[in-house]
Amino acid sequence: PWISAARPKFIFHVPVPVLFPALKEAYAAKIKKPMDLTTVECTLLAGNRYASPEDFVNDVALVFSNAITFNKDGRDIGDPLSCAYYDASIHLLKYTRWLSLELLSEFVQDSDHVDEPDEEGLPLSSWKLTLGNKKQARSEMEAIVLKEPIEKSIEGDRYTWTEAECEKLLKSLRHQSDYRYMSFFLTANYPPDYTAFISRPMDWEKIQKTLKKRQYDTFGAIIDDLRLIFKNALKYNARLAGTDTVSGQAYDAAKIMSAKLETAINKCMLTVSDRVERERIDHNNAEREIEAAERAEEAKIREQWKTNAGKDGESGGSVPLKVEGSQRVRSAKRIILRRKSDTDFEVPFFDEEDDGQHERSYFEVMKQLKSTFERQRAELIRMRHSTGKLGQAVYTRMIQDQLALKWVAAEQKKLGITTSPQKKATSSNDKDGGPNIPSASSVLSKLDEKNRK
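When you number the sequence shown by this note's numbering, it's gap-free, plus one each residue, and the end is 435.
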């Protein structure tokens, strides 16, 4: 999304001297070998230009490595644009390494060689496609993804993007072509002695129900449970591996599906780590823009103050110092640029002039509104559970009453009691001394009598 040709947020597909002609000499002084993504693509499409996949990957990495080198000085002095390109280039350089080692796995050499960065704190500017570098890249992604909290929605609502990524992991194991293998692991259909070998049974449907109830807190938790399905199967069925039995087939199926799960986890790691890092950088860039706007506003206020002070000195009178416009950047602008993790809902606000009487900032108000929203959501969930329990209790009572009536009817039939409900009501009225109300038939006969008064 950052470097898409349609609406790029950062431009890496055009040479810098073409995009910024004023920087041509400064760029040439710092960058010895310019490179951009369009040049890389044209070289690749020309054919027979790259001797190996590593040459292609290194040219892509050179695009972002040059951006880091050129924007380092601007970043040191706090220039917002240089800081944005510097941070984005660092992430894209790391992401290029992760992507190349995963997607070009058939060209990865079986070697433990691990490249070391040229400068501490910066990612590798070039690397070899080796198994050691792949493991290193995998550990970097795991450090970002496994402990990343899952943004939870209310049970029954639409999944958040983190929950949707978890659902993709589950669906990756339910392809129609894999049903003959996954049929062993879908439900909790365990042998009688299974718990003697496995301390924590796990199946696909259990994980799906846990996800629907929003009970997973991190990506690592659901990944561990998915891996546990096949780990348990391999452990329990290892004694009959290679035999033409159900256990032997389950063992082979666990090996196949475990490999497919790891492939799906790799894709999930790439997607989630990229999005998490991009959101972090976008948040930092927004903060820098706000700080730059505040500094510009402050400089404008100081300039107006000096102008008014000079006019006051020339006139010799006391001219009140009045600064036109806003005295500070609106806190509402800061709220708009906050990351969604701070406020995951929108509250309308009015761009009114600050009269200086409100001690709390708009951000504090938003935090309070968010806490109120969280309490209301928790109360809604609690109310749903209470309503469900109440409905279950009423339903159970009705079932009990129905069973009691059936039992009474059965006992009456067994004892030969044939008293009708109408006669019971009449006899009870007689005993209580109540009025003797005639039946409907006697009333009609009375009305039909002749000479009635």
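By construction, the Cβ of each residue, glycine as well, lies at the ideal position given by its N, Cα and C atoms.
Runs of beta strand (DSSP E) wholly within the stretch 144 to 181 (minimum 3 residues, chain order): List check, beta strand (DSSP E) in window: nothing returned.
Buried versus exposed call for Phe212 [16 or more other C-beta atoms within 10 Å across all chains shown]: Taking the first residue of the sequence shown as position 1, residue 212 is located at position 230. Result: buried.
Given Met251 as reference, the closest of Phe201, Ser107, Leu104, Arg140 once Cα atoms are compared: Position 269 of the sequence shown, counting from 1, holds the residue named residue 251. Measuring from the Cα of Met251, the nearest candidate turns out to be Phe201.
Local Cβ density within 10 Å of Arg79, reported as buried at 16 or more and exposed below that: Start at 1 with the first residue of the sequence shown, and residue 79 comes out as number 97. It is buried - the Cβ of Arg79 has at least 16 other Cβ atoms within 10 Å.
Through-space distance from Val(-4) to Ala170, alpha-carbon basis: Residue numbering aside, residue 170 sits at position 188 when the sequence shown is read from its first letter. Residue numbering aside, residue -4 sits at position 14 when the sequence shown is read from its first letter. Distance between the alpha carbons of Ala170 and Val(-4): 56 Å.
Cβ-Cβ distance between Phe167 and Tyr218 below 8 Å: Counting from one through the sequence shown, the residue named residue 167 turns up at place 185. Counting from one through the sequence shown, the residue named residue 218 turns up at place 236. No, the Cβ-Cβ distance between Phe167 and Tyr218 is not below 8 Å.
Same chain, Cβ closer than 8 Å to Leu113, five either side skipped, listed in chain order: Counting from one through the sequence shown, the residue named residue 113 turns up at place 131. If we look at Leu113 and ignore the five residues flanking it on each side, its Cβ neighbours are Val90, Gln91, Asp92, Ser93, Asp94.
Beta-carbon proximity of Leu452 to Ala236, cut-off 8 Å: Summary: the structure shown does not reach residue 452, with the chain confined to residues -17 through 435, and so no result is reported for it.
First through last residue of the alpha helix (DSSP H) which encompasses Pro35: Here residue 35 is taken as the residue at index 53 of the sequence shown, counted from 1. That run of the alpha helix (DSSP H) goes 35 to 58.
Cut-off 6 Å between Cβ atoms - residues of its own chain near Ser255, not counting five sequence neighbours on either side: Here residue 255 corresponds to residue number 273 of the sequence shown, with the count starting at 1. Exclusion of the five residues before and after Ser255 leaves Met123, Ile126, Val127 as the residues of its chain whose Cβ lies within less than 6 Å of its Cβ.
Touch test, the stretch 28 to 41 against the stretch 238 to 245, Cβ-Cβ under 8 Å, three pairs minimum: With a cut-off of 8 Å, the stretch 238 to 245 and the stretch 28 to 41 do not count as touching, because too few Cβ pairs lie within range.
Ser64 and Gly56 closer than 8 Å at C-beta: The residue you call residue 64 lines up with position 82 of the sequence shown. The residue you call residue 56 lines up with position 74 of the sequence shown. Annotated as proximal: Ser64 and Gly56, with beta-carbon spacing under 8 Å.
Segment limits, alpha helix (DSSP H) that includes Trp186: As a first step, residue 186 is located in the sequence shown; it is residue number 204 there, counting from the start. The continuous alpha helix (DSSP H) containing Trp186 extends over residues 186 to 194.
Counted within 10 angstroms of its Cβ, other Cβ atoms place Ala49 as buried (16 or more) or exposed: For the purposes of this step, residue 49 is taken as the residue at position 67 of the sequence shown. With 16 or more neighbouring CB atoms inside 10 Å of its own CB, Ala49 falls in the buried class.
Span separating the alpha-carbon of Gly224 from that of Met17: On the sequence shown, position 242 is the one that residue 224 refers to. On the sequence shown, position 35 is the one that residue 17 refers to. Going by C-alpha positions, Gly224 is about 54 Å away from Met17.
Same chain, Cβ closer than 7 Å to Ser108, five either side skipped, listed in chain order: The residue you call residue 108 lines up with position 126 of the sequence shown. Within the same chain, and ignoring the five residues on either side of Ser108 in sequence, the residues whose Cβ sits closer than 7 Å to its Cβ are Asn40, Ala43.
Rounded separation between Ala70 and Glu259 - CA only: Position 88 of the sequence shown holds residue 70. Position 277 of the sequence shown holds residue 259. Their Cα atoms are separated by approximately 9 Å.
For Leu210, the first and last residue of its enclosing alpha helix (DSSP H): Stepping through the sequence shown from its first residue, residue 210 is reached at position 228. Looking at the DSSP string, the run of the alpha helix (DSSP H) that includes Leu210 is 201 to 219.
Residue range of the alpha helix (DSSP H) that includes Asn115: Within the sequence shown, numbered from 1, the residue matching residue 115 stands at position 133. Taken as a continuous stretch (DSSP letters only), the alpha helix (DSSP H) holding Asn115 covers 113 to 127.
CA-to-CA distance, Lys194 to Lys208, given in whole angstroms: For the purposes of this step, residue 208 is taken as residue 226 along the sequence shown, with counting starting at 1. For the purposes of this step, residue 194 is taken as residue 212 along the sequence shown, with counting starting at 1. Checking the displayed sequence, the identity of residue 208 turns out to be Leu instead of Lys. Going by the C-alpha atoms only, they are around 15 Å apart.
For Gln231, the three-state DSSP class (helix, strand or coil): By one-based count along the sequence shown, residue 231 stands at place 249. DSSP places Gln231 within a helical segment (H, G or I) once states are collapsed to three.
Close beta carbons around Val96, own chain, < 7 Å, minus the five adjacent residues each side: The residue labelled residue 96 in the question sits at position 114 within the sequence shown. Once the five neighbours on either side are set aside, the close Cβ partners of Val96 are Gly114, Asn115, Gln118.
Neighbour-count burial assignment, Val(-2), 16 or more Cβ in a 10 Å radius: The residue you call residue -2 lines up with position 16 of the sequence shown. Buried is the call here.
CB-CB length for Cys148 against Ile132, believed under 8 Å: Along the sequence shown, read from residue 1 onward, the residue named residue 148 stands at position 166. Along the sequence shown, read from residue 1 onward, the residue named residue 132 stands at position 150. About 7 Å; that satisfies the 8 Å criterion.
Residues bridged to Pro131 (per DSSP): As a first step, residue 131 is located in the sequence shown; it is residue number 149 there, counting from the start. Note: Pro131 sits in a beta bridge opposite Thr200.
Through-space distance from Ile(-15) to Gly373, alpha-carbon basis: Walking along the sequence shown from the start, residue 373 turns up at place 391. Walking along the sequence shown from the start, residue -15 turns up at place 3. Distance between Gly373 and Ile(-15), taken at the CA atoms: about 54 Å.
Lys129, buried or exposed, once every other Cβ within 10 Å from all chains shown has been counted against 16: For the purposes of this step, residue 129 is taken as residue 147 along the sequence shown, with counting starting at 1. By the beta-carbon neighbour count (other beta carbons within 10 angstroms, threshold 16), Lys129 is exposed.
Sequence-distant residues of the same chain with beta carbon closer than 6 Å to Leu222, five excluded per side: By 1-based counting over the sequence shown, the position of residue 222 is 240. Listed in chain order, the non-local C-beta contacts of Leu222 below 6 Å within the same chain comprise Ser229, Gly230, local neighbours out to five positions each way being set aside.
Element boundaries [alpha helix (DSSP H), containing Thr78]: Taking the sequence shown and counting its residues from 1, the one referred to as residue 78 is at position 96. Going by DSSP, Thr78 is part of the alpha helix (DSSP H) stretching over 62 to 85.
According to DSSP, residues forming a beta bridge with Gln91: Position 109 of the sequence shown, counted from the start, is the residue given in the question as residue 91. Gln91 pairs with Thr112.
Where Asp333 falls: helix, strand or coil (DSSP): Within the sequence shown, the letter at position 351 stands for residue 333. With a pLDDT of only 42 at Asp333, under 50, the local geometry of the prediction cannot be trusted, and the value read off the model is given with reservation. DSSP, reduced to helix, strand and coil, places Asp333 outside both helices and strands of the structure shown, so it counts as coil.
Coil, strand or helix - Asn30 by DSSP: Here residue 30 is taken as the residue at index 48 of the sequence shown, counted from 1. Looking at Asn30 - three-state DSSP - the assignment turns out to be coil, as it is neither helix nor strand.
6 Å Cβ shell around Lys457 - same chain, five flanking residues per side excluded: Outside the modelled stretch of the chain, which goes from -17 to 435, sits residue 457, for which no answer is possible.
Helix, strand or coil at Tyr141 [DSSP, three-state]: On the sequence shown, residue 141 is found 159 positions in, with the first residue counted as 1. If DSSP states are grouped into helix, strand and coil, Tyr141 belongs with coil.
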